[in-house]
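Peer 1: Protein sequences appear in the order of chains A and B. Just so you know, we're using this note's numbering here: the first sequence kicks off at -5 and counts up by one. Just so you know, we're using this note's numbering here: the second sequence kicks off at 2 and counts up by one. Glycine included, every Cβ here is placed at the ideal spot set by N, Cα and C.
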Amino acid sequence: MNLNATLIGESIAFFVFVVFTMKFVWPQLNGAIEERQKKIADGLAASDEAEKQLDVAKKEIANQLLEAKTQAAAIVEQAKKREAQIVEEAATKAQAENDKILAQGQAEIEAERNRVKEELRKQVSVLAIAGAEKILARSIDAQAHADILDQLVEEL
Amino acid sequence: MAANGEGLTSQGYIQHHLTHASVCNTGEGYTLASSKVCADEGAGFWSWHIDTLGWSIFLGLVFILTFRSAAKKATTGVPGKFQCFIEMIIEFVGQSVKDTYHGKSVVIAPLALTIFVWVFLMNAMDWVPVDWIATLSSLIAGESWETITSGQSGVYNKIVPTTDLNMTFGLSFGVFALMIYYSVKIKGIGGFLKELYAHPFNTPWLYWFNFILETIALVAKPVSLALRLFGNLYAGELIFVLIATIGLYQLPVHFIWAAFHLLVIPLQAFIFMMLTIVYLSMMSEKH
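1) Please tell me whether residue 37 of chain A has its Cβ less than 7 angstroms away from any Cβ of chain B.
2) My output table needs one value for residue 9 of chain B: the three-state DSSP class, helix, strand or coil.
3) Does residue 19 of chain A get closer than 7 angstroms to chain B when you measure Cβ to Cβ?
4) Quick one: measure Cβ to Cβ for residue 152 of chain B and residue 243 of chain B, integer angstroms, because I've assumed they're closer than 8 angstroms.
5) I'd like to know if the stretch 174 to 191 of chain B and the stretch 222 to 234 of chain B are in contact, where contact means that at least 3 CB-CB pairs between them fall below 8 angstroms.
6) For residue 2 of chain B, does the three-state DSSP call read helix, strand or coil?
7) Chain A beta carbons: is any one of them nearer than 7 angstroms to that of residue 268 of chain B?
8) If you run the structure through DSSP and keep just helix, strand and coil, what is residue 24 of chain B?
9) What residue ranges within the stretch 67 to 150 of chain B form continuous alpha helix (DSSP H) runs of no fewer than 4 residues, ordered along the chain?
10) Looking only at DSSP bridge pairs, what is residue 57 of chain B linked to?
11) Of all the CB atoms in chain A, is at least one closer than 7 angstroms to the CB of residue 35 of chain B?
12) I'd like the list of long-range same chain contacts for residue 138 of chain B, defined as Cβ closer than 7 angstroms, with 5 residues on each side in sequence excluded.
13) Just how far apart, CA to CA, sit residue 3 of chain B and residue 50 of chain B?
14) Residue 114 of chain B and residue 94 of chain B - do their beta-carbons sit closer together than 7 angstroms?
15) Within its chain, find whatever has a CB closer than 6 angstroms to the CB of residue 285 of chain B; leave out the 5 residues flanking it on each side and keep chain order.
16) In terms of alpha-carbon separation, which member of A/120, A/30, A/59 lies closest to residue 84 of chain B?
17) Using a C-beta to C-beta distance shorter than 9 angstroms, which residues of chain A count as neighbours of residue 1 of chain B?
18) Write down every uninterrupted run of the beta strand (DSSP E) in the stretch 163 to 250 of chain B whose length is 3 residues or greater and which is fully enclosed by it, in chain order.
19) In whole angstroms, what separates the C-alpha of residue 241 of chain B from that of residue 255 of chain B?
20) For residue 33 of chain B, collect the residues of the same chain with a Cβ closer than 6 angstroms to its Cβ; drop the 5 residues on either side in sequence, then sort them by chain order.
21) Which term fits residue 117 of chain B, buried or exposed, when burial requires 16 or more other beta carbons within 10 angstroms of its beta carbon?
22) Give every residue of the same chain whose Cβ lies closer than 8 angstroms to the Cβ of residue 57 of chain A, excluding the five residues on either side of it in the sequence, and list them in chain order.
23) Pick out whichever of B/18, B/140, B/181, B/76 has its Cα sitting closest to the Cα of residue 237 of chain B.
24) What span of residues does the beta strand (DSSP E) with residue 20 of chain A cover, start to end?
25) Have a look at residue 64 of chain B and residue 232 of chain B and give me their C-alpha separation to the nearest angstrom.
26) Please classify residue 45 of chain B as buried or exposed, where buried requires at least 16 other C-beta atoms within 10 Å of its C-beta.
27) Would you call the CB atoms of residue 57 of chain B and residue 162 of chain B closer than 7 angstroms?
28) So which of B/97, B/171, B/12, B/21 has the shortest CA-CA distance to residue 152 of chain A?
29) Apply the 10 Å Cβ neighbour rule to residue 76 of chain B and answer buried if 16 or more other Cβ atoms are within range, or exposed otherwise.
30) With DSSP collapsed to three states, give me the class of residue 18 of chain B.
31) Under 7 angstroms between C-beta atoms, does residue 23 of chain A make it to chain B?
32) Start and end of the alpha helix (DSSP H) containing residue 0 of chain A?
33) Listed from N- to C-terminal order along the chain, which residues in the stretch 100 to 124 of chain B have their beta-carbon within a distance smaller than 7 angstroms of any beta-carbon of chain A?
34) Beta carbon of residue 245 of chain B, beta carbon of residue 131 of chain B: below 7 angstroms?
35) Please work out which residues of its chain come closer than 8 angstroms, Cβ to Cβ, to residue 53 of chain B, disregarding the five sequence neighbours upstream and downstream, and give them in chain order.
Written out as structure tokens, the structure reads:
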């Protein structure tokens, strides 16, 4: 138990070490720790934020997908309608054409028949006149009896 | 080295291990001597325990250089293992300060760190077997093996600085000075003095009683701080020396005692640091 000048030396050494630590050790190390803590906190916050954004993006994707599907279905539906319409139109057109051709053919046949009928009638009348002429060779004046002959032709 | 040589007694062996290497004025100017010689010559206050000074400053340098190298290389990115280890200590000390000291101070955390690591390193010298450095010093000084083993060695080297009262008082006086400084800085010189006489009984006719009570309480803080550390480490060291005198059986006993110091050494360093923070916190608060 002898206190001596060593005490003063140790006090000075203590003071010097504390000042050194205060100036060159503690601020640097503590600063590094605090900055890293901040970095980690920021990183965690950013990761949370990114997770949230990911959720939003996922929802967006689902929405867009749904929309696209709906649109595609609508387009398909429309296309089907259009197809049916085209087929319908074509059928109608074809039917009309068909009817037209048919009507035309019938008209032609009718006309031909009328013409043949006329021709026949004329020839019959000629034949009738010729027959009558032969029968009544002498007395019948073709001119005088034309109205009777015409009436005859009419009646044929 | 058990005490079984002709000239080596247990008493002499223990005495040798408790003697410092000193520098003092022995009458013919300052010379290297043992602390016993210095005391006998009446060298008084102006003598120096050079082993305490040397080891404590060496360990202090180990502390600041280790931590300085970590501080220089400190990265805010992914730290290496060395940096992690240093940061663990920094955070431990920083947390202790934050939990106890609520004021703002740039001194207290580095102070606590210095105390904790420095005291720990000085205490840790207790783990070095008691004869290693002492014997090595004698051999380096040129003493023969016979001289050393027969108890005639005149070379002293006490390697645990905290077993020297000068060391522990050196620390606690530093802390005491800071306590006074903070008290005066925060409460003013009047506030500081008022706490000495107007507390706990705030009636003028009891001021003299308060003053005695508070002064004792104030002075008891650094004294108990120093004596606690000194007492624990001195007793531990003394028992290491005692164990070394029992011969071959010292090995298991020494192991047990050294293992027990796994607890004592960090604990005493921690207590010294913690009490420093508590005292400074008490002095910084207004009552």
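Peer 2: Looking at the atomic coordinates:
1) no
2) coil
3) For residue 19 of chain A, at least one C-beta of chain B is nearer than 7 angstroms to its own C-beta.
4) With 8 angstroms as the limit, residue 152 of chain B and residue 243 of chain B do not qualify as a contact, their Cβ atoms being about 16 angstroms apart.
5) A contact between stretches requires three or more CB pairs, one per stretch, nearer than 8 angstroms, and the stretch 174 to 191 of chain B meets this requirement with the stretch 222 to 234 of chain B.
6) Low confidence applies to residue 2 of chain B: its pLDDT is 40, below 50, so where it sits in the model is not reliable, and the reading given next is rough at best. In this structure, residue 2 of chain B counts as coil in the three-state DSSP scheme.
7) no
8) In the three-state scheme derived from DSSP, where H, G and I count as helix and E and B as strand, residue 24 of chain B is classed as strand.
9) Segments of the alpha helix (DSSP H) lying fully in the stretch 67 to 150 of chain B: 82 to 101, 109 to 125, 131 to 141, 146 to 150.
10) None; residue 57 of chain B has no bridge partner.
11) no
12) 156, 158
13) Because the pLDDT at residue 3 of chain B is just 41, under 50, the model does not fix this residue reliably, and the point stays unresolved.
14) yes
15) 104, 183, 187
16) A/30
17) Look at the range of chain B in this structure, 2 to 288, and you will see that residue 1 of chain B is not part of it.
18) none
19) 7 angstroms
20) 24
21) buried
22) Closer than 8 angstroms at the Cβ level, and outside the excluded window around residue 57 of chain A, lies no residue.
23) B/18
24) No beta strand (DSSP E) holds residue 20 of chain A; the alpha helix (DSSP H) holding it covers 20 to 129.
25) Note on geometry: alpha-carbon atoms of residue 64 of chain B and residue 232 of chain B lie some 24 angstroms from one another.
26) exposed
27) yes
28) With chain A covering only -5 through 150, there is no way to say anything about residue 152 of chain A.
29) exposed
30) helix
31) yes
32) That run of the alpha helix (DSSP H) goes 0 to 14.
33) Correct list: 107, 108, 110, 111, 112, 114, 115, 119.
34) It is a contact, given that the beta carbons lie within the stated cut-off.
35) Taking residue 53 of chain B as the centre and dropping the five residues before and after it, the same chain places the C-beta of 21, 159, 162, 165, 167, 168 closer than 8 angstroms to its C-beta, in chain order.
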